[in-house]
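Here is the structure we will look at, set down as structure tokens.
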Amino acid sequence: MANLDFSDRVVIVTGAGRGIGRAHALLLASRGASVVVGDLGARTDGSGVDGDDPAADVVSEINAAGGKAVASTGDVSTDEGADALVDAAVSSFGKLDAVINNAGIVRTAPFDEVPYEEYQRHLDVHYFGTLRVCRAAWPHLLESDAPRIVNTISQAMLGNPGMSHYGGSKGAVFGLTRNLALAGLDKGIKVNAIAPGAGTRMAEAAAETLSPEIMEYMRTSLLPEHVAPVAAYLVHPSCEVTGEVFNVAGGIVNRLALVNTVGIHDPRLSIETVAERFEQIMAITPEAAPQVVAPAHMPVS
Ligand SMILES: NC(=O)c1ccc[n+]([C@@H]2O[C@H](COP(=O)([O-])OP(=O)(O)OC[C@H]3O[C@@H](n4cnc5c(N)ncnc54)[C@H](O)[C@@H]3O)[C@@H](O)[C@H]2O)c1
18 MANLDFSDRV
28 VIVTGAGRGI
38 GRAHALLLAS
48 RGASVVVGDL
58 GARTDGSGVD
68 GDDPAADVVS
78 EINAAGGKAV
88 ASTGDVSTDE
98 GADALVDAAV
108 SSFGKLDAVI
118 NNAGIVRTAP
128 FDEVPYEEYQ
138 RHLDVHYFGT
148 LRVCRAAWPH
158 LLESDAPRIV
168 NTISQAMLGN
178 PGMSHYGGSK
188 GAVFGLTRNL
198 ALAGLDKGIK
208 VNAIAPGAGT
218 RMAEAAAETL
228 SPEIMEYMRT
238 SLLPEHVAPV
248 AAYLVHPSCE
258 VTGEVFNVAG
268 GIVNRLALVN
278 TVGIHDPRLS
288 IETVAERFEQ
298 IMAITPEAAP
308 QVVAPAHMPV
318 S
């Protein structure tokens, strides 16, 4: 297959100063995209900034390699930060085609010890940050010939030790992704999500919830560069899928599908019917239908 070209694409990547977002930005720029590198320089737990400027570093790296990029150092959890990202795209490159919402924070703690402020902070960055950037970008995406949004969720939304606040906020981003996919359906805006795994600074911060063997495997075998090709493909005009989620780590890519089981239908439903037919309700049979926003655009083989 010929290399996929991004030379007419303008893409915002949030949290692109480090880790997975940096890999997205470098890959897209190496294929010709004009990239807005968004990064606040936040501490891993979101408790403040460290005083460095990782967005500027990545822009320098891209420019030195002959690519096109500008930095935006706003906080995605504020209207000003979200607007600044979009303004940077439009004022520097004249348009906006795609957004990769990747900025994220984490701190692990047992459920009953997490203060409400921590839940709010995770929601502010992940859910409201994604929402604000999408809202600011939406009018410009409507002008694009192939508008795309990729959000970043996590397997932690399905349950991870010490991550009720983080996982819950990522679950909110999943719900937002599905609803934006629906909102964009008749406008051509494709909205998908990835659930990545990579041995980044964030993974190190969550190390206490993982075994030493898994941590070592993440450091050596799950690289941010393994995640970027999927995000890049999802923002390419040739990729038309929407409302989907992909697990991506270390070269593994699979679809996270929600299925409705065939279950039962009994208008005279009683507690006992539920108890008696519970196995049937639970059974994932070949007829179990994936819950999709739009029919698959690609043949399943
Ligand atoms: N690393 C993993 O295994 C893993 C697993 C599941 C999900 N994720 C998700 O992938 C994304 C990237 O994670 P990473 O591992 O590369 O982490 P990272 O800490 O290396 O990078 C995250 C970047 O986001 C930036 N950021 C944080 N809050 C911000 C804000 N309010 N505004 C602007 N920028 C902000 C940080 O400054 C940082 O550079 C996150 O959304 C994370 O939740 C990562």
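Numbered by the working numbering, the letters in the sequence shown go through residues 18 to 318 in order. Note that beta-carbon positions come from the ideal geometry of N, C-alpha and C, so glycine has one too.
Asked                                                                                                                         : Found
Alpha helix (DSSP H) segments (min. 4 residues) lying fully within the stretch 83–148                                         : 96–110 and 133–139
Assigned exposure category for phenylalanine 263 - 16 Cβ within 10 Å defines buried                                           : buried
Alpha carbon of valine 103 to alpha carbon of leucine 113, nearest angstrom                                                   : 8 angstroms
Per DSSP, the bridge partner or partners of asparagine 196                                                                    : For asparagine 196, which the question treats as bridged, DSSP gives no partner whatsoever.
CA-to-CA distance, glycine 214 to glycine 268, given in whole angstroms                                                       : 10 angstroms
Sub-8 angstroms separation of glycine 38 and valine 30 beta-carbons                                                           : yes
7 angstroms Cβ shell around alanine 300 - same chain, five flanking residues per side excluded                                : Thr278
Whole-angstrom distance between alanine 99 and aspartate 69, CA atom to CA atom                                               : 20 angstroms
Contact check, valine 116 vs cysteine 151, beta carbons under 8 angstroms                                                     : yes
CB contact flag (methionine 248, isoleucine 211, <8 angstroms)                                                                : Checking the displayed sequence, the identity of residue 248 turns out to be alanine instead of methionine. Cβ distance < 8 angstroms, so alanine 248 and isoleucine 211 count as in contact.
Own chain, CB closer than 6 angstroms to tyrosine 136, minus 5 neighbours either side, in chain order                         : His182
Cβ pair glycine 216, leucine 240 closer than 8 angstroms                                                                      : yes
Methionine 18: CB within 7 angstroms of a non-hydrogen atom of ligand 1                                                       : no
Continuous beta strand (DSSP E) stretch holding phenylalanine 263: start and end                                              : 262–266
Sequence-distant residues of the same chain with beta carbon closer than 8 angstroms to asparagine 20, five excluded per side : Arg48
Residue burial classification, threonine 237 (beta-carbon count within 10 angstroms, cutoff 16)                               : exposed
DSSP beta-bridge partners of alanine 210                                                                                      : Asn168 and Val262
DSSP state of proline 71 mapped onto helix, strand, coil                                                                      : helix
Beta strand (DSSP E) runs contained entirely in the stretch 232–304, provided each spans 3 or more residues                   : 262–266 and 269–272
Buried versus exposed call for proline 316 [16 or more other C-beta atoms within 10 Å across all chains shown]                : Because the pLDDT of proline 316 is 46, which lies under 50, any placement of that residue in the model is unreliable, and the question is left without a value.
Under the three-state DSSP convention, the category asparagine 36 falls into                                                  : Before going on, a small fix: residue 36 reads as glycine here, not asparagine. Of the three classes helix, strand and coil, the one that applies to glycine 36 here is helix, per DSSP.
Any chain B beta carbon closer than 8 angstroms to histidine 139                                                              : Although the question refers to chain B, the structure presented lacks it and comprises just one protein chain.
Helix, strand or coil at glycine 15 [DSSP, three-state]                                                                       : The displayed coordinates of the chain run from 18 to 318. Any statement about residue 15 would go beyond what the structure contains.
Nearest to asparagine 119 (by Cα), restricted to the options Pro156, Trp155, Gly280 and Lys187                                : Lys187
Sequence-distant residues of its chain with Cβ nearer than 7 angstroms to threonine 61 (five each side left out)              : Ile122, Val123, Arg218, Met219 and Ala222
Buried or exposed (CB count within 10 angstroms, at least 16 for buried), arginine 285                                        : exposed
Distance between beta carbons of alanine 33 and glycine 55, contact taken as under 8 angstroms                                : 6 angstroms
Beta-carbon proximity check, valine 258 vs lysine 207, cutoff 8 angstroms                                                     : yes
Pick from Trp155, Gly58 and Val310 that is closest to aspartate 67, judged by C-alpha positions                               : Gly58
Proximity of asparagine 177 and threonine 194 at Cβ, strictly below 8 angstroms                                               : no
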